[in-house]
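Undergrad:
In the numbering used here, the protein residues as written are 909 to 1050.
Here it is as C-alpha cells:
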C-alpha cells in the first residue's frame, strides 16, 4: 500500500501510520502509546506538518525525494531522524500520504529510547521549525 501510494497515486512519499485512523498499536504499554502519540501531536503543533505519525519508520520514498534532500544536512539520530526526514520532505514541497497500518510491538529486543534521544527530538523539532523559517532547509545542489 505504501508503494501504491507513490507509484499509482502520485505521492512522493508515503508513511505507514499508526495514528491516521485512530490508534492502531498492539501490545504496547499505555505509557508508550501515549508518549508516541503526543510526541507526534507536539511535532504537528510546532511545525505545522499534517503528518499524524511523525516518528514512523515504515516509509516509502520516491527516488527524487532522496536525491533532493541534502542528506548531509540531516543531523538527528534515533527517532528524531524520522521526524527530520518527513519534515524536510514536507518543507521542500513533496506530496506525502499516510497509509494506515497496525503496529505490533517487537517480539525480541528492547527499545532504544533514552533521555538523550527524547531531548534531541523535543528540542530538535523547534530547531527544524526555525531552520524552515530562516530559509535553511534547501534542496541539494547538484
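C-beta atoms are modelled at their ideal positions from N, C-alpha and C, and glycine is treated no differently. Every value quoted in this text rests on a predicted model; they were computed, and no experiment measured them.
Relative to the C-alpha of residue 1041, which candidate in 978, 956, 972 and 1018 has its C-alpha closest?
TA: The option with the nearest alpha carbon to residue 1041 is 956.
Undergrad: Could you check whether residue 941 and residue 953 sit closer than 9 angstroms to each other, using their CB atoms as the reference points?
TA: No.
Undergrad: So, is residue 990 buried or exposed, given that buried needs 16 or more other C-beta atoms within 10 angstroms?
TA: Label assigned to residue 990: buried.
Undergrad: For the alpha helix (DSSP H) that contains residue 954, what are its first and last residues?
TA: Run containing residue 954: 938 to 955, per the alpha helix (DSSP H) assignment.
Undergrad: Checking the sheet assignment: what are the DSSP bridge partners for residue 922?
TA: 968 and 1005, per the DSSP bridge assignment.
Undergrad: Rank 959, 970, 1045 and 936 by C-alpha distance to the C-alpha of residue 919 and give the top, closest one.
TA: Nearest of 959, 970, 1045 and 936 to residue 919, Cα basis: 970.
Undergrad: Would you check if the distance between the CB atom of residue 923 and the CB atom of residue 964 is smaller than 9 angstroms?
TA: Yes, Cβ-Cβ distance for residue 923 and residue 964 is below 9 angstroms.
Undergrad: Taking C-alpha atoms, which residue in 917, 909, 921 and 913 lies nearest to residue 995?
TA: The option with the nearest alpha carbon to residue 995 is 921.
Undergrad: Helix, strand or coil for residue 977 per DSSP?
TA: Reduced to three states, the DSSP call for residue 977 is strand.
Undergrad: Find out if the Cβ-Cβ distance for the pair residue 959, residue 1047 is shorter than 9 angstroms.
TA: Cβ distance not < 9 angstroms, so residue 959 and residue 1047 don't count as in contact.
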